[in-house]
Amino acid sequence: MRYQRSSALFKASSDVIPGGVNSPVRAFKSVGGTPVFAKNAKGAYVYDEDDNRFIDYISSWGPMILGHAYPPVIEAVIARAKSGTSFGMPTALETEIAELAISMVPHIDKIRFVNSGTEACMSAVRLARGYTKKEKIIKFAGCYHGHSDAFLIEAGSGAVTFGSPNSPGVTQGTAKDTLLARYNDLQHVEDIISVNKDEIAAIIIEPVAGNMGCIPPVKGFLEGLRVLCDQYSILLIFDEVMTGFRLAKGGAQEILGIKADLVCFGKVIGGGLPVGAFAGPSEIMSYLAPEGPVYQAGTLSGNPLAMAAGLAMLKAINEDDHLFKSLNRKAVLLHQGISEILSKYNIYHTINRFESMLSVHFTEDPVIDFASAAKGNNVTFKRFFHGLLDRGIYLPPSAFESWFLNDALSLEDVGFTLDQVDQVAKTF
Ligand code: HOZ
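Start counting the sequence shown at 1; every next residue gets the next number (the numbering used here).
Encoded structure:
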């Protein structure tokens, strides 16, 4: 049996870990079947416990942009581990990665490292509230900013995959300060602001959404948010956990030419180790303890192993002038190829893509927000997912997640993937 060991491991893990996994989407609940247990990975491939090989289109949900077990990152972690793994004291490495990140990303003077994207977004919102002395925030339906309470209101990613976009456990008191807007609908944001004048501290947004599939911003939407934020003294927070160091060296701010007031990072910035960060101009960041009154801390924040991995990753990206072109070329081939195949077999679809993030939606309508993403046919998605999994292609196990390409992927891998898509699509 192809997934025999994974099956046994899932049975064992389910006895001791809720749902058998440490992050819900890994459980395959929305696509059914046995979650694949990873054993090892190299370059573009992940191998499972049954020794099946998969071409990996999630890249650990983004971080492995240069492929798995990228040698400079692995070497940096091994070397660093030999000198001690945590001190609870500052290290020179933290300044080195901070300087590099600041040199790569526009409009930021200071950066604070934390352990995850969730922590980064949660802390950035606290800072925005402390700085503006206002309490409400606007978030967008289908956007996901980690699992802290304030964001689990119409959240995307696993929250929507498992039908709990508004999670029990989030108090009404917390929920009332999160105002919900439709992605790509500027008028809706204006309406919300007009009935909550002088109360909104921040608008937080994924500048290219990746947690309801991939949904790029329509022309003028982010530009309009910037104008509204300036007009009403609201901070614009870009959650670049997915897009940071992926769409361009300077992330969405650079490629879209829009300035955010605070930016949140995760995924690529840690090179595959647990790292998050938030950053902005000195004036705002100086409100953070110990310089200012807004408290935020962490025993493992700036952990030396994590910083060594992140530094090696950012250096590699910074020194590679061909990376984003190369990723984009493969993403375009994949996008066009899948679209041609699905059209050939008359399968309704919309493929959204922004650089190396993409998603296939089984609906013929444009997918521009959460409501249109939710129209996708999940029965077709499941068949597509499992058909490809059985043919050695690992896609996100949910229609509400983006694919993340990595640059270890070869043109042969893309060609092989398209051949498998054809084999699967012709059975529909
Ligand atoms: N929520 C993450 C993707 N949007 C998935 C995290 C994981 O399961 O590893």
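We treat Cβ as the ideally placed atom computed from N, Cα and C, and that holds for glycine.
Bear in mind the structure is a predicted one, so any value in this text is a computation, not a measurement.
With H, G and I counted as helix, E and B as strand and the rest as coil, what does DSSP make of residue i?
| i | result |
| --- | --- |
| residue 353 | strand |
| residue 131 | helix |
| residue 45 | strand |
| residue 294 | strand |
| residue 267 | helix |
| residue 70 | coil |
| residue 38 | strand |
| residue 21 | coil |
| residue 359 | strand |
| residue 381 | helix |
| residue 245 | coil |
| residue 300 | coil |
| residue 400 | coil |
| residue 433 | Limits of the chain in this structure are 1 at one end and 428 at the other, which puts residue 433 out of reach. |
| residue 335 | helix |
| residue 92 | helix |
| residue 219 | coil |
| residue 75 | helix |
| residue 364 | coil |
| residue 230 | helix |
| residue 122 | helix |
| residue 386 | helix |
| residue 149 | helix |
| residue 31 | coil |
| residue 65 | coil |
| residue 416 | helix |
| residue 408 | coil |
| residue 313 | helix |
| residue 155 | coil |
| residue 117 | helix |
| residue 171 | coil |
| residue 307 | helix |
| residue 16 | helix |
| residue 101 | helix |
| residue 161 | helix |
| residue 86 | coil |
| residue 166 | coil |
| residue 428 | coil |
| residue 11 | helix |
| residue 2 | coil |
| residue 373 | helix |
Can you pull the DSSP bridge partners for residue i?
| i | result |
| --- | --- |
| residue 346 | Note: residue 346 sits in no beta bridge, so no partner. |
| residue 80 | None; residue 80 has no bridge partner. |
| residue 280 | 110 |
| residue 144 | Paired residues: none, contrary to the question. |
| residue 53 | 47 |
| residue 394 | 56 |
| residue 237 | 204, 262 |
| residue 137 | 178, 202 |
| residue 288 | 294 |
Does the Cβ of residue i lie closer than 6 Å to at least one heavy atom of the ligand HOZ?
| i | result |
| --- | --- |
| residue 26 | yes |
| residue 211 | yes |
| residue 61 | yes |
| residue 157 | yes |
| residue 23 | yes |
So, is the C-beta of residue i closer than 7 Å to a C-beta in chain D?
| i | result |
| --- | --- |
| residue 142 | This model lacks chain D altogether, as it is built from one protein chain only. |
| request: Mind the definition here: the stretch 343–357 touches the stretch 9–16 only if three or more C-beta pairs lie below 8 Å; say whether that holds. | output: With the cut-off at 8 Å, the stretch 343–357 and the stretch 9–16 do not touch.
| message | As an exercise, report each continuous alpha helix (DSSP H) stretch of at least 4 residues that is fully enclosed by the stretch 178–217, in chain order. | response | 186–195
| request: State whether the stretch 204–222 contacts the stretch 177–185, with contact taken as three or more CB pairs (one from each stretch) at a distance under 8 Å. | output: The count of Cβ pairs closer than 8 Å, one atom from the stretch 204–222 and one from the stretch 177–185, reaches three, so the stretches are in contact.
| query | Given 8 Å as the limit, is there contact between the stretch 47–67 and the stretch 264–278, that is, 3 or more CB pairs closer than that? | reply | The stretch 47–67 vs the stretch 264–278: in contact.
| request: Decide if the stretch 362–382 is in contact with the stretch 290–302; the criterion is three or more beta carbon pairs, one per stretch, under 8 Å apart. | output: no
| For the 8 Å Cβ check, are there 3 or more pairs between the stretch 191–204 and the stretch 122–139? | yes
| field | Validate contact between the stretch 400–416 and the stretch 154–170 using beta carbons, cut 8 Å, 3 pairs | value | yes
| said: Three or more C-beta pairs under 8 Å: does that hold for the stretch 411–420 against the stretch 43–55? | reply: yes
| message | Check whether the stretch 99–106 and the stretch 243–259 are in contact - that is, three or more C-beta pairs closer than 8 Å. | response | yes
| With contact counted as at least three CB pairs below 8 Å, one residue from each stretch, are the stretch 87–101 and the stretch 307–318 in contact? | yes
| message | Three Cβ pairs or more, each shorter than 8 Å: is that satisfied between the stretch 385–394 and the stretch 29–42? | response | yes
| Does the stretch 313–325 touch the stretch 80–87, meaning 3 or more C-beta pairs lie closer than 8 Å? | A contact is defined here as three or more CB-CB pairs under 8 Å, and the stretch 80–87 fails this definition with respect to the stretch 313–325.
| query | Any contact of the stretch 51–60 with the stretch 227–238, i.e. 3+ C-beta pairs under 8 Å? | reply | no
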